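Residue numbers (this note's numbering): 614 to 921.
For glycine and all other residues, C-beta sits at the position ideal for the given N, C-alpha and C.
Every value quoted in this text rests on a predicted model; they were computed, and no experiment measured them.
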Ligand code: GUN
């Protein structure tokens with residue numbers, strides 16, 4: 614039996630970075646400074662540290678200044694809210710984009726901290742104003758992983774209109790925004806052709822009764838549950854596009870939610886972990902950061918945003 618086509622997120626992210634590098638250079642020449650991203654990193658979770666490092670390195674590659682602000686694990690909700698507010702007030706070296714790396718320690722009220730990020734600098738797209746705009750079909754900052762999944766489908770020429778997309782996972786970060794994107798009328802990432810939407814979308818979660826029955830009906834199956842090996846070959850319709858958003862550490866290795874070796878023999882397309890959605894999440898963050906910088910300076914109105 615033939616194997617699935619590999620959805621190579623690294624290759625696509627490199628391509629996106631190349632075009633962003635040129636746009637960032639234009640911005641920097643016109644405005645006299647680079648776009649600037651400030652990342653708040655709380656505590657010392659190795660996974661968070663490595664994601665933040667990847668974000669900062671990618672920013673540097675395209676000419677965006679990225680500053681990481683490390684914060685002690687013991688910081689309170691009030692400390693973090695004040696820190697974000699202080700970063701937002703800074704005028705001499707303004708932050709175009711502000712990102713608080715998740716997860717925050719369990720004692721911290723993450724919602725309060727994320728809500729402190731001004732919505733026009735919220736490059737993660739987590740603020741309720743940005744979530745609301747997306748739900749109304751007029752997105753400003755689209756959460757990076759959801760945008761990355763949609764971009765991956767578009768790039769591979771995978772039709773979504775009229776197809777059945779099943780998303781396993783209902784998080785605010787991935788499942789919910791991706792469901793909105795895939796179901797939107799003639800949706801597009803800002804600046805992309807009106808493709809990547811018009812799907813019939815099912816959201817599954819831990820209380821779904823017949824998960825395998827649902828996933829087997831999927832033309833496009835997105836696994837974003839955070840459970841290694843959750844999606845097995847018998848849960849996949851032959852020829853389906855399977856996108857793996859899982860980032861689980863098992864014995865020190867990064868693995869997805871999909872049993873890759875078995876599923877690749879059934880699926881039509883499959884994204885690997887690592888090297889699938891992850892690099893695209895980072896590329897979309899860079900794209901959102903440039904968009905934020907341009908919006909701040911009035912170089913772009915967000916309804917007319919034309920960003921990949
Ligand atoms: N942790 C895991 N994914 C993400 C993300 O997309 N943004 C932030 N801020 N933290 C994360």
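CB contact check: residue i to chain B, cutoff 7 Å
{"i": "residue 622", "result": "Given the protein chain composition of this structure (a single chain), no chain B is represented."}
Separation of residue j from residue i, as counted between CA atoms
{"i": "residue 850", "j": "residue 620", "result": "17 Å"}
{"i": "residue 616", "j": "residue 891", "result": "22 Å"}
{"i": "residue 837", "j": "residue 751", "result": "24 Å"}
{"i": "residue 759", "j": "residue 816", "result": "14 Å"}
{"i": "residue 832", "j": "residue 808", "result": "16 Å"}
{"i": "residue 651", "j": "residue 844", "result": "36 Å"}
{"i": "residue 626", "j": "residue 669", "result": "15 Å"}
{"i": "residue 671", "j": "residue 899", "result": "8 Å"}
{"i": "residue 826", "j": "residue 847", "result": "10 Å"}
{"i": "residue 912", "j": "residue 711", "result": "19 Å"}
{"i": "residue 726", "j": "residue 769", "result": "37 Å"}
{"i": "residue 718", "j": "residue 684", "result": "11 Å"}
{"i": "residue 799", "j": "residue 811", "result": "6 Å"}
{"i": "residue 854", "j": "residue 691", "result": "44 Å"}
{"i": "residue 877", "j": "residue 814", "result": "23 Å"}
{"i": "residue 693", "j": "residue 721", "result": "9 Å"}
Heavy atom of the ligand ATP within 6 Å of residue i beta-carbon
{"i": "residue 737", "result": "No copy of the ligand ATP occurs in the structure displayed; its ligands are the ligand GUN alone."}
Three-state class that DSSP yields for residue i in the structure shown
{"i": "residue 818", "result": "coil"}
{"i": "residue 728", "result": "helix"}
{"i": "residue 622", "result": "helix"}
{"i": "residue 813", "result": "strand"}
{"i": "residue 702", "result": "helix"}
{"i": "residue 830", "result": "coil"}
{"i": "residue 859", "result": "coil"}
{"i": "residue 808", "result": "coil"}
Residue i classed as buried or exposed, judged by whether at least 16 other C-beta atoms fall within 10 angstroms
{"i": "residue 705", "result": "exposed"}
{"i": "residue 714", "result": "buried"}
{"i": "residue 663", "result": "exposed"}
{"i": "residue 703", "result": "exposed"}
{"i": "residue 863", "result": "exposed"}
{"i": "residue 657", "result": "exposed"}
{"i": "residue 749", "result": "exposed"}
* Asked: When the Cβ atoms of the region 718–738 are set against those of the region 688–705, are three or more pairs found closer than 8 Å?
  -> When C-beta atoms of the region 718–738 are compared with those of the region 688–705, three or more pairs fall below 8 Å, so the two segments count as touching.
* To do: Counting only runs of 3+ residues fully inside the region 883–909, write out the beta strand (DSSP E) ranges in chain order.
  => Correct list: empty.
* Asked: Of all the beta strand (DSSP E) runs that stay within the bounds of the region 752–806, which reach a length of 3 or more residues?
  -> Unbroken beta strand (DSSP E) runs of no fewer than 3 residues, entirely contained in the region 752–806, are found at 777–781, following chain order.
* To do: For the region 631–643 and the region 678–696, state whether three or more C-beta atom pairs, one from each stretch, are separated by less than 8 Å.
  => At 8 Å Cβ cutoff, the stretches do not touch.
* Stretch-stretch touch, CB-based, cutoff 8 Å, three pairs: the region 856–873 with the region 734–750 -> Judged by Cβ distances under 8 Å, the region 856–873 makes no contact with the region 734–750, as fewer than three pairs qualify.
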